[in-house]
Every structure is written in structure tokens, then in C-alpha cells.
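Each remark here refers to the structure printed beneath this line.
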Ligand SMILES: [Zn+2]
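In the working numbering, the protein residues as written are -10 to 377.
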């Protein structure tokens, strides 16, 4: 039996559920947890698409849908330009065992005409396509993810042992704006581990040295330099407008200041520290996981605090920990994977062992708890001098 296109479409429309655009918009506005799948070609998607949609071109539907929507009972709404390709795609997904599939009818053209919200991804140049090719091949990153990275703003506290690998790899990955807070100059004793600096830059400001290296590595990256120490007086100015903060400066006064300001401004902090042959890393996500004060509400009395003096550190150690921090930053920016929220990962280089400790949020936390008592920045500046 020969069947025309009209016959095939009529069959498909009978077999699937369709959703009108106004109803779809209402459900999205209400925050319904559904996966929007754009089944048009990649070039069409690039020219503009619905917010939060993922692109699975119809030609790749069977091959890629399980990666985009692993749960076959999850609600999925497909759309295309006019409602035809998505209707056929919806029937295919039903055949594959997806139980809650709908097809938007009409499609994107009408959606746009009605001036409903549309996202136009940044146009990527040929040079960027080549540079980030290995990211574009990952469905979890792809063009949309790379665009997120290029638009992202990450603030690095400290351009030292941890900051060096973090800055190098985030710049290589195409994180578009990297802020640096470091008031130091490059010292010969830094070069054993702070791999972003070079011998000929001893004596130069660290922020300038980092900028020079990153500019040579990736011209897409804008470096915002702050050659100053973080204090309660400048923390508001320095922290505003960043997506993620990477904390690589390890002393008590700044640790509390970073924590307090980041919680108040609701910016996630990827925290790392190293000591001799050991290091640890965790992610402080404000009001989602514990903050530093949930664990240690107040600094210990100065005479019990660990020394603020410089300690020895194996040269490669901050490299390992910095890479873990950079990994968490990319996951946060891309919205993929399980972040290290509420988990402290410790690393022992001599034993070559990783361990994970659970960290819990404290409802009685003086900062992020139910009845906070800390509402302004506390000055622990004299802390090291007193304890030294
Ligand atoms: Zn807390």
C-alpha cells in the first residue's frame, strides 16, 4: 500500500499527544520540570531556540535521545519549526518506550512570532569551533555549554599554587572572564609549583604574569586584574558579579571573609587547600550545602589555631588539587554531574589515597542558619599576628 506524506502525518498525529504553544508557555512559566527537546538541525538551533531546550536533531534522535533524556518516564516536549518533524519524532520516542512525550504544535516559527522568550546562542567563530572541538563533541557540553563557558565569570582568589593550574585550565577551556585577586609579586620560591609564572618574571606582579600567560594561551579570555589583598573593605567591590569563586588562599582571616561574603551574595565557592603532602577540596553552595561556618562557627582561639606561617608543600600537590577545583568550576558552570557540595574530598599524596567526608548544613549556623547572627563582615585581620 502506498501511503502519502499526509497519511503518515495523520497516523502520527493520532498516535501522539500535541501541546499548543500558549499551554506550553504557561507550563514553562509555572516552572514545570519537563525536558524541552529541539529536534531541528544544529544550524536552525543555533539561529535561536526556546530557553533551556536541548538540541537533538531528528536525524540523530534514536542515537542520542537516551543521553539527553535517560529517564523514559520523564516528561518530554519536542518541538521543531512547524510541528511536523516533532510529531514524527514523538511517535519514534513512544516506540522507544518513552511514556510522557508531547509534540508542540505549531512550532518555533510561531513561538517566535508571538514574541515568546527565545535564546539566540552566541555565534561561534571558525577559530573557536576548532579550539573547542573536543568540547563540542561532548553532548554534555556542546555549543550551548561552550557558550555558557565563554559567557562565564570566575573569580580566582590567589594566583599561586592552586590558582596557577585553575587559571591555566579554565582559560584553556574557554571560560570567558577570569578575575584575579592577588597582591603579591612572583618570587623565585614560587616557581617550584606555581606553574603559570616563569623565571624571567620574578619580581613582576603575579596578576600581570598570569595575564601574560593566559593571553598567550587563549585570546578568548578576558583577565580582570586586582593587585590587592582581599579585606573586609574591598570584598563587596571584588565579589560582585561573579558566577563562581575559586578560593586558593589558605589562612583563617580570608577563609571566614570569603565564606561570609559569598554566602551573603549567594555565590558558590570552590574551596581548596594544601599542606605538605595532603590537600582537600569541597564546594560551598550557599543555602544548599553547608558553609564554612556550619562546620566551624568561629575561628579557634589564636593560641590553638594552626600556624599561619608558610609550610612546606610538595610541588605537584597544588596541581592535583587545583585540577579538582577547576573540574568543579566547569561542572557548576555547565550544570552537569554531582558537585562536591556537602562533601569534603581529601587527598594524601604519600599514601596515594582519596577519602570523602560528609559535611552537613547546620540549622543553627550563625551565618546561613535559621536565625543568623552574623550580618556584617567580621574582622579577623589581627588573627595571624596574634597567633603567629
Ligand atoms: Zn552555614
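Yeah, the Cβ is synthetic: ideal placement off N, Cα and C, and Gly gets one too.
Should residue 74 go down as buried or exposed, given a rule of 16 or more other Cβ atoms within 10 Å for buried?
When all chains shown are included, residue 74 counts as buried.
Mind pulling the beta strand (DSSP E) runs of 3 or more residues that sit fully within the stretch 76 to 125?
For the stretch 76 to 125, the continuous beta strand (DSSP E) assignments of 3+ residues that do not extend past its boundaries occur at 90 to 93, in sequence order.
Can you round the beta-carbon distance between residue 165 and residue 209 to whole angstroms, since I take them to be within the 8 Å contact cut?
6 Å
Going by beta carbon distance, what residues of the same chain come within less than 6 Å of residue 69, once the five residues before and after it are set aside?
28, 29, 75 and 96
Could you check whether the Cβ of residue 244 sits closer than 6 Å to any heavy atom belonging to ligand 1?
no
Just list the residues that DSSP pairs residue 234 with in beta bridges.
144 and 258
Let me know the secondary structure DSSP gives residue 318 once reduced to three states.
helix
Mapping the DSSP letters down to three states, classify residue 252 as helix, strand or coil.
helix
At a cut-off of 6 Å, is residue 333 close to ligand 1 when judged by its beta-carbon and the heavy atoms of the ligand?
No; taking the cut-off as 6 Å, the Cβ of residue 333 has no heavy atom of ligand 1 nearer than that.
Give the DSSP-derived three-state secondary structure of residue 33 in the structure shown.
helix
Tell me where the alpha helix (DSSP H) around residue 159 begins and ends.
First-last of the alpha helix (DSSP H) with residue 159: 152 to 162.
In chain order, what residues of the same chain lie with their CB nearer than 6 Å to the CB of residue 329, ignoring the 5 residues before and after it?
If we look at residue 329 and ignore the five residues flanking it on each side, its Cβ neighbours are 271, 272 and 317.
Leaving out the 5 sequence neighbours to the left and right, which residues in its chain are closer than 7 Å to residue 139 when beta-carbon positions are compared?
111, 163, 165 and 209
What alpha helix (DSSP H) runs, 4 residues minimum, are completely inside the stretch 180 to 228?
Scanning the stretch 180 to 228 for uninterrupted alpha helix (DSSP H) segments of 4 residues or longer gives 195 to 206 and 224 to 228, listed from N- to C-terminal end.
Check the DSSP bridge columns for residue 269 and list the partner residues they point to.
262 and 335
Is there contact here, the stretch 77 to 88 with the stretch 57 to 67, by at least three beta-carbon pairs under 8 Å?
yes
Please state whether the Cβ-Cβ distance between residue 190 and residue 175 is less than 7 Å.
Yes; because the gap between Cβ atoms is below 7 Å, this pair is in contact.
Thinking C-alpha only, which one of 195, 185 and 218 is nearest residue 206?
185
Are there any heavy atoms of ligand 1 lying less than 6 Å away from the beta-carbon of residue 280, as far as the coordinates show?
yes
Measuring alpha carbon to alpha carbon, tell me which of 361, 347 and 346 ends up nearest residue 353.
361
Do residue 260 and residue 236 have their C-beta atoms closer together than 7 Å?
yes
Who does residue 342 pair with in a DSSP beta bridge?
337
Which of the three DSSP states is assigned to residue 53 in this structure?
helix
Hey, is residue 348 close to ligand 3, as in C-beta under 6 Å from one of its heavy atoms?
In the structure on display, ligand 3 does not appear, and the ligands it does have are ligand 1.
Below 7 Å between beta carbons: does that hold for residue 355 and residue 286?
yes
Helix, strand or coil for residue 60 per DSSP?
Here residue 60 sits in coil by DSSP.
For residue 348, does the three-state DSSP call read helix, strand or coil?
Looking at residue 348 - three-state DSSP - the assignment turns out to be coil, as it is neither helix nor strand.
Grouping DSSP H, G and I as helix and E and B as strand, with all else coil, what is residue 385?
Absent from the structure is residue 385, since the part of the chain shown begins at -10 and ends at 377.
Look up residue 65 in the DSSP assignment and say whether it is helix, strand or coil.
Looking at residue 65 - three-state DSSP - the assignment turns out to be strand.
Is any heavy atom of ligand 1 found at a distance shorter than 6 Å from the C-beta of residue 283?
Yes, since a heavy atom of ligand 1 falls inside the 6 Å radius drawn around the Cβ of residue 283.
Excluding the five sequence neighbours on either side, which residues of its own chain have a C-beta within less than 7 Å of the C-beta of residue 325, listed in chain order?
129
Is residue 356 near ligand 1, going by C-beta to nearest heavy atom under 6 Å?
Ligand 1 approaches residue 356 closely enough that one of its heavy atoms is under 6 Å from the residue's Cβ.
Compare the Cα-Cα distances from residue 307 to each of 36, 31 and 156 and report the closest residue.
156
What's the call for residue 377, buried or exposed, on a 16-neighbour Cβ count within 10 Å?
Only weak support exists for where residue 377 lies, its pLDDT of 31 falling under 50; the value from the coordinates is given anyway. Under this definition residue 377 is an exposed residue.
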